Every structure is written in C-alpha cells, then in structure tokens.
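Enquirer: Each step along the sequence shown adds one to the number in our numbering, with nothing skipped, and position 151 is 240. Beta carbons: idealized from backbone N, C-alpha and C, even for Gly. Just so it is clear, the structure is predicted and the values come from calculations on it, not from any experiment. Questions regarding the structure given below will be posed in turn.
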Amino acid sequence: MDKLREHIRLMVQTIVTIVTNGYVKGFATGKIYTGDLKKVCVPGLNCYSCPSALGSCPIGSYQAVIGDRQFKFTFYITGFLMVVGSTLGRLVCGWLCPFGLTQDLLYKVPFIKKIKRIRRDKYLRYFKYIILLVFVLILPLFVVDIIGQGSPVFCKWICPVGTLEGGIPLVLLNDTFVEAIGFLYIWKITILVLTIVFSILIYRPFCKYICPLGAIYSIFNGISLYKYKIDNSKCIKCGVCSKACKMNIEPFKTPNHIECIRCGDCKRVCPTAAISSGITMVNKEKKEHNSSEI
Ligand code: SF4
Ligand code: SF4
Numbered sequence: 090m091d092k093l094r095e096h097i098r099l100m101v102q103t104i105v106t107i108v109t110n111g112y113v114k115g116f117a118t119g120k121i122y123t124g125d126l127k128k129v130c131v132p133g134l135n136c137y138s139c140p141s142a143l144g145s146c147p148i149g150s151y152q153a154v155i156g157d158r159q160f161k162f163t164f165y166i167t168g169f170l171m172v173v174g175s176t177l178g179r180l181v182c183g184w185l186c187p188f189g190l191t192q193d194l195l196y197k198v199p200f201i202k203k204i205k206r207i208r209r210d211k212y213l214r215y216f217k218y219i220i221l222l223v224f225v226l227i228l229p230l231f232v233v234d235i236i237g238q239g240s241p242v243f244c245k246w247i248c249p250v251g252t253l254e255g256g257i258p259l260v261l262l263n264d265t266f267v268e269a270i271g272f273l274y275i276w277k278i279t280i281l282v283l284t285i286v287f288s289i290l291i292y293r294p295f296c297k298y299i300c301p302l303g304a305i306y307s308i309f310n311g312i313s314l315y316k317y318k319i320d321n322s323k324c325i326k327c328g329v330c331s332k333a334c335k336m337n338i339e340p341f342k343t344p345n346h347i348e349c350i351r352c353g354d355c356k357r358v359c360p361t362a363a364i365s366s367g368i369t370m371v372n373k374e375k376k377e378h379n380s381s382e383i
C-alpha cells in the first residue's frame with residue numbers, strides 16, 4: 090500500500106508532464122506551439138519555448154508582461170498564482186511540476202553518499218526569495234533594449250528548465266539556433282549541468298534554493314485550503330516523520346511549513362497514522378479535516 094501511494098505521486102507527476110507537453114509535432118518541426126492554449130498558464134515550471142509545451146510558464150509570462158512597454162502589471166497571472174497558491178500551496182511542487190519530477194528522478198540515480206543537509210541550509214533557502222524579487226520582479230522592469238522592451242532576466246540568465254526543455258531541443262532541431270550559440274548558451278548549459286549534478290547529490294536543490302515559483306507558492310503553504318494536520322492524541326513524538334522528510338522539515342512540529350512540498354513521505358512512515366491531509370475550510374478548521382489520500 091505504501092509503495093502504491095509513492096507510485097501514485099510519480100504517476101500524477103508523469104501524467105501532468107505528458108499532458109502539458111502534448112505538442113509532439115514541435116519536436117518534428119523544430120518549432121514551438123503558438124496556438125490559443127499557450128495563453129493559459131500551467132501551475133509548474135514548464136518552459137514556454139519547449140517544442141512540445143502546450144501552455145505557458147507563469148514565471149516566464151510574468152517577466153514578459155512586466156517587461157512589456159505597455160503592460161506593467163498582469164491581473165491574470167497574479168490572480169492565477171493567488172488562486173493556485175491559496176488552494177494548493179506547494180502541493181504544486183510535489184505533484185504538478187515537471188521540473189520537480191526531473192529532480193525526483195535525478196535523486197534516484199545511485200551515488201556513494203547523498204547529502205542530506207548542506208551547511209547554512211536554513212539561510213540558503215532564503216536565496217529563492219532574492220531570485221524572485223531581483224531577477225523576476227525588478228530587473229525585467231529596468232533591463233530594457235533600445236525600444237524599451239524589458240528582458241526576461243531569470244529565463245535568460247538563470248533558468249535551467251529553459252535550457253533543458255527549450256534551449257537544447259531548439260538548437261538540436263533548428264539550424265538557425267545553432268548560429269546563435271555563444272557565451273549565454275554556454276553559461277546556461279553550465280547552470281544546467283550544475284543543477285543536474287547537485288540534484289543527484291541533494292534532494293531537489295533547485296526547489297530548495299533557487300525556484301522563484303516555489304518561493305511564491307511557499308508563501309501560501311500556511312494558509313492554503315490544502316493542509317497537513319497532526320493528530321496530537323496519536324503522535325508519540327518519535328521523529329520518524331522528520332527522518333523521512335527529504336525537505337528537512339519536522340512535520341510533527343510544523344506540518345504546514347513553507348518548505349513542505351506535500352510529497353506524503355512523512356504520512357507513509359508515521360507508525361501511528363497521526364498525519365492527515367486534505368482540503369480544510371478555514372472556518373471549520375478545528376472541527377473538520379477532510380482527509381484525502383493525496
Ligand atoms: S512519525 Fe507520526 S508519531 Fe512519530 S513524530 Fe511524526 S507524526 Fe508523531
Ligand atoms: S513534511 Fe512530509 S509532505 Fe512535507 S516535504 Fe516533508 S515528507 Fe514531504
């Protein structure tokens with residue numbers, strides 16, 4: 090049963106990745122999909138420039154709008170992130186993000202010794218908020234070209250997802266992109282390689298330290314409708330859940346911690362079934378907690 094629950098998450102992650110990247114024709118033609126569905130955001134990080142992407146990445150879209158000469162604020166993307174965040178919080182990271190799946194799979198690659206926690210981990214986690222503020226929200230407003238168009242600084246200089254899903258496939262499939270290879274491309278490949286290596290050694294380093302989308306959803310984790318709950322009458326404070334948590338949280342103390350990606354590992358290992366999860370209505374929080382098997 091426990092193994093089945095673990096596999097359910099992997100299945101959901103895989104299905105979401107396949108569905109949001111259903112434009113297989115893009116890999117045959119070397120051109121990205123630009124139809125109506127591209128106006129819709131997907132909840133996780135999924136590069137707009139991936140040849141098979143059907144939807145838009147909210148972080149890429151946000152930078153495109155605030156960098157635009159005419160539009161500086163987007164009610165659609167802000168509203169989208171608020172609705173998704175206040176409903177699911179970081180459940181998106183654990184279940185619906187294609188790059189979360191990529192990191193989960195990389196961490197399964199065997200290595201002599203995995204790193205459970207790096208030095209200054211607690212402080213490094215704040216780095217993703219700096220990335221969000223500086224590279225997603227501020228710099229695209231001010232780094233502009235000669236016609237006043239802002240640059241999507243995070244996508245251009247940092248995002249390894251764009252390199253993996255967009256940059257590399259487009260260069261391989263399209264001769265015109267080969268001519269554009271230069272310092273920026275090599276820089277982005279370097280970041281991608283480092284991300285892959287660290288993802289083999291450390292569980293989800295990009296989610297923990299870099300991801301601006303995870304930073305946004307983390308703000309909602311404590312107030313989202315979907316919540317984790319500890320039944321204190323069952324919890325024996327054994328700490329088994331903390332040992333199982335690859336995000337280094339102590340679930341029995343802070344079940345709705347900002348770093349919790351709702352993977353469910355803690356629930357699976359708890360010997361007394363003290364952890365439950367589900368959609369909790371705010372005004373009924375004390376009385377009611379509808380558990381789902383997610
Ligand atoms: S594993 Fe269960 S019983 Fe043990 S501390 Fe965590 S929630 Fe409590
Ligand atoms: S607290 Fe539980 S659900 Fe959250 S990341 Fe840790 S193991 Fe996963």
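When you compare the CB positions of Phe243 and Ile148, do they come within less than 8 Å of one another, or not?
Expert: Result yes, Cβ atoms of Phe243 and Ile148 sit closer than 8 Å.
Enquirer: Please determine whether the Cβ atom of Arg206 lies at a distance below 7 Å from any heavy atom of ligand 2.
Expert: Every heavy atom of ligand 2 is 7 Å or more from the Cβ of Arg206, so no.
Enquirer: Is the number of C-beta pairs between the segment 134 to 146 and the segment 311 to 325 that are closer than 8 Å three or more?
Expert: No contact exists between the segment 134 to 146 and the segment 311 to 325.
Enquirer: Nearest to Leu228 by alpha carbon, out of Leu213, Ile247, Val181, Asp210?
Expert: Of the candidates Leu213, Ile247, Val181, Asp210, the one whose C-alpha sits nearest the C-alpha of Leu228 is Ile247.
Enquirer: Verify whether the separation of the beta carbon atoms of Pro140 and Leu262 is less than 8 Å.
Expert: Their beta carbons are under 8 Å apart, which means Pro140 touches Leu262 by this criterion.
Enquirer: Nearest CA to the CA of Ile48: which residue from Leu290, Tyr218, Leu185?
Expert: Only positions 90 to 383 of the chain appear in this structure, which leaves residue 48 out of reach.
Enquirer: Does the distance between the C-beta of Gly328 and the nearest non-hydrogen atom of ligand 1 fall short of 7 Å?
Expert: Yes.
Enquirer: Could you pull the start and end residues of the beta strand (DSSP E) that Gly367 belongs to?
Expert: Counting along the chain, the beta strand (DSSP E) containing Gly367 begins and ends at 364 to 368.
Enquirer: Identify the continuous alpha helix (DSSP H) that holds Tyr196 and give its terminal residues.
Expert: Residues 187 to 196.
Enquirer: Return yes when at least one heavy atom of ligand 1 lies under 7 Å from the C-beta of Ile338, else no.
Expert: Result no, Cβ not under 7 Å from ligand 1.
Enquirer: Look at Gly189 and Gly251 and say whether their C-beta atoms are less than 8 Å apart.
Expert: No.
Enquirer: Let's see if you can read the secondary structure: which residues bound the alpha helix (DSSP H) around Ile148?
Expert: Start and end: 147 to 155.
Enquirer: Output yes if chain C places a C-beta closer than 8 Å to the C-beta of Ala304; else output no.
Expert: Considering every chain present, this structure includes no chain C. It has just one protein chain.
Enquirer: Using a threshold of 7 Å, is the CB atom of Cys324 nearer than that to any non-hydrogen atom of ligand 1?
Expert: Yes, ligand 1 has a heavy atom inside 7 Å of this Cβ.
Enquirer: I'd like the span of the alpha helix (DSSP H) that includes Ile319, first residue to last.
Expert: From DSSP, Ile319 is part of no alpha helix (DSSP H) but of the beta strand (DSSP E) over 315 to 319.
Enquirer: Could you tell me whether any non-hydrogen atom of ligand 1 is closer than 7 Å to the CB of Cys359?
Expert: Yes, since a heavy atom of ligand 1 falls inside the 7 Å radius drawn around the Cβ of Cys359.
Enquirer: Is Ala362 near ligand 2, with its Cβ less than 7 Å from a heavy atom?
Expert: False, no ligand heavy atom lies under 7 Å from that Cβ.
Enquirer: Can you say whether Tyr215 is buried or exposed, counting buried as having 16 or more other CB atoms within 10 angstroms of its CB?
Expert: Per the 10 Å Cβ criterion, exposed.
Enquirer: Flag Gly178 as yes when its Cβ comes closer than 7 Å to any non-hydrogen atom of ligand 2, and as no otherwise.
Expert: No, the Cβ of Gly178 stays beyond 7 Å of every heavy atom of ligand 2.
Enquirer: Just confirm the distance between the C-beta atoms of Gly124 and Ile350, as a whole number of angstroms; I'd bet it's less than 8 Å.
Expert: Going by Cβ atoms, the distance from Gly124 to Ile350 rounds to 31 Å, so no, they are not a contact pair.
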